[in-house]
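Undergrad:
2 protein chains.
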Amino acid sequence: MNYSVSEENYIKAIFHLQGEGETVTTNALAAELKTRPASVTDMLKKLKTKKLVNYQPYHGFRLSPEGKKTALGIIRRHRLWEYFLSEKLKFEWNEVHEVAEHLEHVSSRKLIDKLEEYLGYPKFDPHGDPIPDSSGKMESSPQTMLSQLEPTQTGVVIQVSNQSPALLELLSARKIGIGTKIELLRKFAFDGSVEIRIGRAAPFIISEQLASNLFIRK
Amino acid sequence: MNYSVSEENYIKAIFHLQGEGETVTTNALAAELKTRPASVTDMLKKLKTKKLVNYQPYHGFRLSPEGKKTALGIIRRHRLWEYFLSEKLKFEWNEVHEVAEHLEHVSSRKLIDKLEEYLGYPKFDPHGDPIPDSSGKMESSPQTMLSQLEPTQTGVVIQVSNQSPALLELLSARKIGIGTKIELLRKFAFDGSVEIRIGRAAPFIISEQLASNLFIRK
DNA sequence: AATTTTTTTTAGATTTGTCTAAATTTTATT
DNA sequence: AATAAAATTTAGACAAATCTAAAAAAAATT
Chain V
1 MNYSVSEENY
11 IKAIFHLQGE
21 GETVTTNALA
31 AELKTRPASV
41 TDMLKKLKTK
51 KLVNYQPYHG
61 FRLSPEGKKT
71 ALGIIRRHRL
81 WEYFLSEKLK
91 FEWNEVHEVA
101 EHLEHVSSRK
111 LIDKLEEYLG
121 YPKFDPHGDP
131 IPDSSGKMES
141 SPQTMLSQLE
151 PTQTGVVIQV
161 SNQSPALLEL
171 LSARKIGIGT
181 KIELLRKFAF
191 DGSVEIRIGR
201 AAPFIISEQL
211 ASNLFIRK
Chain R
219 MNYSVSEENY
229 IKAIFHLQGE
239 GETVTTNALA
249 AELKTRPASV
259 TDMLKKLKTK
269 KLVNYQPYHG
279 FRLSPEGKKT
289 ALGIIRRHRL
299 WEYFLSEKLK
309 FEWNEVHEVA
319 EHLEHVSSRK
329 LIDKLEEYLG
339 YPKFDPHGDP
349 IPDSSGKMES
359 SPQTMLSQLE
369 PTQTGVVIQV
379 SNQSPALLEL
389 LSARKIGIGT
399 KIELLRKFAF
409 DGSVEIRIGR
419 AAPFIISEQL
429 ASNLFIRK
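For the record, the sequence lines run as chains V and R. Counting in the numbering used here, the first sequence runs from 1 upward without gaps. Counting in the numbering used here, the second sequence runs from 219 upward without gaps.
1) In whole angstroms, what is the alpha-carbon distance linking Thr288 (chain R) and Lys332 (chain R)?
2) The alpha helix (DSSP H) that contains Val5 (chain V), what's its start and end?
3) Using the Cα positions of Ser430 (chain R) and Tyr301 (chain R), report the straight-line distance between them to the nearest angstrom.
4) Under 8 Å, do Val53 (chain V) and Ser39 (chain V) count as touching if we go by C-beta distance?
5) Keeping to the same chain, check which residues put their C-beta closer than 8 Å to that of Gln371 (chain R); ignore five residues upstream and five downstream.
6) Is it right to say Asp343 (chain R) is buried, meaning 16 or more other beta carbons lie within 10 angstroms of its own, or is it exposed?
7) State the start and end residues of the unbroken beta strand (DSSP E) segment that holds Val160 (chain V).
8) In chain V, what lies closer than 8 Å to Lys230 (chain R) by C-beta?
9) So His323 (chain R) and Glu226 (chain R) are supposed to be a Cβ contact under 8 Å. How far apart are they, rounded?
10) Starting from the Cα of Leu103 (chain V), find the closest Cα among V:Asn94, V:Arg77, V:Lys88 and give me that residue.
11) Can you check whether the CB of Asn312 (chain R) is closer than 8 Å to the CB of Ser440 (chain R)?
12) Using a Cβ-Cβ distance under 8 Å, would Val96 (chain V) count as near chain R?
13) May I ask you to list the residues that DSSP assigns as paired with Leu63 (chain V)?
14) With the cut-off set at 8 Å, would you say Phe433 (chain R) and Gly346 (chain R) are in Cβ contact?
15) Ends of the alpha helix (DSSP H) at Val317 (chain R)?
16) Where does Arg418 (chain R) fall in DSSP's three states?
17) Over what stretch of residues does the alpha helix (DSSP H) that includes Glu117 (chain V) continue unbroken?
18) When you compare each of R:Met356, R:Leu262, R:Ile292, R:Ser326 to Leu85 (chain V) by their alpha carbons, which one comes out closest?
19) Please state whether the Cβ-Cβ distance between Ile131 (chain V) and Arg174 (chain V) is less than 8 Å.
20) Leaving out five residues before and five after Leu33 (chain V) in sequence, what residues of the same chain have Cβ atoms less than 6 Å from its Cβ?
21) What number of angstroms, rounded off, separates the C-alpha of Glu310 (chain R) from the C-alpha of Thr144 (chain V)?
22) What does Pro348 (chain R) pair with, by DSSP beta-bridge criteria?
23) Could you confirm whether any beta carbon from chain V is found closer than 8 Å to the beta carbon of Leu264 (chain R)?
24) Between the Cα of Ile292 (chain R) and the Cα atoms of R:Asp260, R:Asn380, R:His234, which residue gives the shortest distance?
25) Measuring alpha carbon to alpha carbon, tell me which of V:Pro151, V:Lys137, V:Glu150, V:Lys51 ends up nearest Leu72 (chain V).
26) Could one say the Cβ of Tyr55 (chain V) lies closer than 8 Å to chain R's Cβ atoms, at least one of them?
27) Assuming contact is defined by CB atoms lying nearer than 8 Å, are Gly221 (chain V) and Val160 (chain V) in contact in what I supplied?
28) Taking only three categories from DSSP, how would you classify Leu402 (chain R)?
29) What do you get for Ser365 (chain R), buried or exposed, if any count of 16 or more other CB atoms within 10 angstroms of its CB means buried?
30) Does the distance from the C-beta atom of Glu316 (chain R) to that of Leu337 (chain R) stay below 8 Å?
31) Residues of chain R with a CB under 9 Å from the CB of Leu17 (chain V): which are they?
32) Taking the alpha-carbon positions, what's the Ala166 (chain V) to Gln209 (chain V) distance?
33) Let me know if Phe408 (chain R) comes out buried or exposed under the rule of 16 or more other beta-carbons within 10 Å of its beta-carbon.
34) Quick one: Cα of Lys269 (chain R) to Cα of Gly285 (chain R), how far?
35) Taking only beta carbons into account, state which residues of the region 103 to 117 of chain V come closer than 9 Å to chain R, listed in chain order.
36) Taking all protein chains shown into account, do 16 or more other C-beta atoms lie within 10 angstroms of the C-beta of Gly219 (chain V), making it buried, or fewer, making it exposed?
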C-alpha cells in the first residue's frame, strides 16, 4: 500500500508513457527516468511481484489496474502541490514542477485531502493538466490546438503539451502561460507559423511547432 | 550541502539531545532514533567525515557549528510546516508533528522562504516552539512553568515541554492546547498537584508532573 | 533463412543504511 | 587494583537501488 520514492517514480513514468493503449519498453522507461535498462528490468521484477504491472520479459509492460490507481494517486499529489505552489506561494509557473516532484512523495492521505479542500477543489494544475479526485477520476479537458484556430478567433491557453524546460523557457520569454488570452490573426501556409496577439501588445509570429503544443479553449 | 533523509534525522536528533552543553552518547541517540548502537556508530563516522559532528570514539559527540546550522535549517522547515498544517489546513494540534516529519525533508530553500512569507513570518509553531529564521536565529520564549504560578494568577499556554504521544493525548483529553488561558486556583503541597480552571468550565486538578510540563506566559 | 543489429535480461559489483554477534574500551563495583 | 558490568565499536551480513559487462532474445536486414 505504501511505496518507496523510487517505486513511485517508476509507476508515474510508466503511466505517462503507456498513454491509452501502448505497451512500454524497457529502453523507453530507462530514457524517461535517466537510468539504465538493467535497472529498469530489476525494478520491473519487483513491481511485478507487487502486482502493479503486467510484465512479460522481453515483451514490454503496462500498469495493472492497481498500478494505475496508484499512479493517479501520485499524480493527484503532484498536481495539487503544483497548484498550491503557484496559487498560494506565488511560484513562477515554470518553477513548480521540480519542487512538486519532491512534495508528491509525502503520502499522507489526510494531508492531501485537506490540502485539496484548502485549495478549493481545483480541477486543473498550473500547466492545465487535470487533477484526479480522491477516487482517481479526473476531467479530460476539452481542448483544441492553437494551430487549429481560424484567423481572428480567440482562445484561452489551458494546457501545454509537456513540461520540458525548453518549452517552458520559450513560453516564459513569449509571456505565454495558462490563462493567457490569445487572438490568432493569420496563418502562414508555407511553414505553418501563425501570427498572434496577446491583449493590446504588438502581434508576433510563433512557429507551427509551438502553436501545436499550446492547447486552448475558445 | 544536501543531506539524505537519514542523515537529517540523525542531525536533528543530536541537536535535540545535546541541549546547551551536554555531550551525546551512542546509546542515547540509538534510543531516540529507535535504532541500534552499531548503526549510530556507522552514521557518526560518516557525519564526522562531513564535518557535521565532533566525534571522538568512545567519548560521545556534539554537532559542529556547521552541523548546528544544518540542524536549525531542518527544524525551521519542520516548524514552518507544522504551522501551515495547523493554521491553514486545520489539522489538530497533535497530528501535525508526524506529517511535518516527512515534509521537513523537502529541502528547497526557495520553497521554505516563500512558505514563511505566505504564513506571515510566524515566530512559534503550534507546540509553542520557536521557529528559526532563514539565518538560523530564533526567539527563546520567556517562559514559566504552570506549576510556578501563584494561586489566582492567570497565564496562557505557550509551549509544552515535549511532544510525546502520551502527553499530547492527555492534553487533548484535558482540552488544553497552545493559547489556552488557564487560571491557577490552588496548589496542593502533599503531591504538588494544582487546581486550575479554563474559562468558565468547572475547575479540575492536574498532577504536578503535568503542571511542570506546561509553559505559560502571564 | 541466415546474419547482423538492437533490445532486453542476467550476473556480479557497489553504495547506503541497517542489522547481529563478537570484541574492545570505559565505567562501576567490589 | 582487580574484576564485573555497561557502553561502544568492529566485523561481517543483508536489503534496496543502482551500475557495468556479458549473455540471450527479438527484430531488422541482407
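Even glycine gets a Cβ: it sits at the ideal position worked out from N, Cα and C.
TA: Based on what the coordinates show:
1) Roughly 19 Å between the two C-alpha positions.
2) Run containing Val5 (chain V): 5 to 18, per the alpha helix (DSSP H) assignment.
3) In this model, Ser430 (chain R) and Tyr301 (chain R) are separated by some 24 Å (Cα to Cα).
4) In terms of Cβ geometry, Val53 (chain V) and Ser39 (chain V) do not form a close pair [threshold 8 Å].
5) Result list for Gln371 (chain R): Glu401, Leu402, Lys436, in chain order.
6) Within 10 angstroms of the beta-carbon of Asp343 (chain R) lie 16 or more other beta-carbons, which makes it buried.
7) First-last of the beta strand (DSSP E) with Val160 (chain V): 154 to 160.
8) Annotation: Lys230 (chain R) has no Cβ neighbours in chain V at a cutoff of 8 Å; minimum Cβ distance is about 17 Å.
9) Indeed, because the Cβ distance is near 6 Å, the residues count as touching under 8 Å.
10) Nearest to Leu103 (chain V) by alpha-carbon distance, out of V:Asn94, V:Arg77, V:Lys88, is V:Arg77.
11) Within the shown structure, residues of chain R are numbered from 219 to 436, placing residue 440 (chain R) beyond reach of any answer.
12) For Val96 (chain V), no Cβ of chain R is located within less than 8 Å of the residue's own Cβ.
13) The partner list for Leu63 (chain V) (beta bridge, DSSP) reads V:Val53.
14) With respect to Gly346 (chain R), Phe433 (chain R) sits close: the two C-beta atoms are nearer than 8 Å.
15) In this chain, the alpha helix (DSSP H) harbouring Val317 (chain R) covers 314 to 321.
16) Note: Arg418 (chain R) maps to coil in three-state DSSP.
17) It spans 109 to 119 - the alpha helix (DSSP H) in which Glu117 (chain V) sits, taken as one unbroken run.
18) Selected option, being the one with the closest Cα: R:Ser326.
19) Cβ distance not < 8 Å, so Ile131 (chain V) and Arg174 (chain V) don't count as in contact.
20) Short of 6 Å from the beta carbon of Leu33 (chain V), and not among the five residues preceding or following it, lie these beta carbons of its own chain, in chain order: Ala13.
21) Cα to Cα, Glu310 (chain R) sits roughly 44 Å from Thr144 (chain V).
22) Partner(s): R:Phe342.
23) What sits at residue 264 (chain R) in the sequence shown is Lys, not Leu. No - not a single Cβ of chain V is within 8 Å of the one on Lys264 (chain R).
24) Check the Cα spacing between Ile292 (chain R) and each of R:Asp260, R:Asn380, R:His234: the tightest is with R:His234.
25) Residue V:Lys137 is the option with its Cα nearest to Leu72 (chain V).
26) No, Tyr55 (chain V) does not count as interfacial toward chain R.
27) The structure shown has nothing for residue 221 (chain V), since chain V only spans 1 to 218.
28) Looking at Leu402 (chain R) - three-state DSSP - the assignment turns out to be strand.
29) The residue in question, Ser365 (chain R), is buried, as its Cβ has 16 or more Cβ neighbours within 10 Å.
30) Taking 8 Å as the Cβ cut-off, Glu316 (chain R) and Leu337 (chain R) do not qualify as a contacting pair.
31) Chain R residues near Leu17 (chain V): none, gap ~26 Å exceeds 9 Å.
32) Whole-angstrom Cα-Cα distance: 13 Å.
33) Looking at its Cβ environment, which holds fewer than 16 other Cβ atoms inside 10 Å, Phe408 (chain R) is exposed.
34) Spanning the two alpha carbons is a distance of roughly 7 Å.
35) Result list: Leu103, His105, Val106, Ser107, Ser108, Lys110, Leu111, Lys114, Leu115, Glu117.
36) Only positions 1 to 218 of chain V appear in this structure, which leaves residue 219 (chain V) out of reach.
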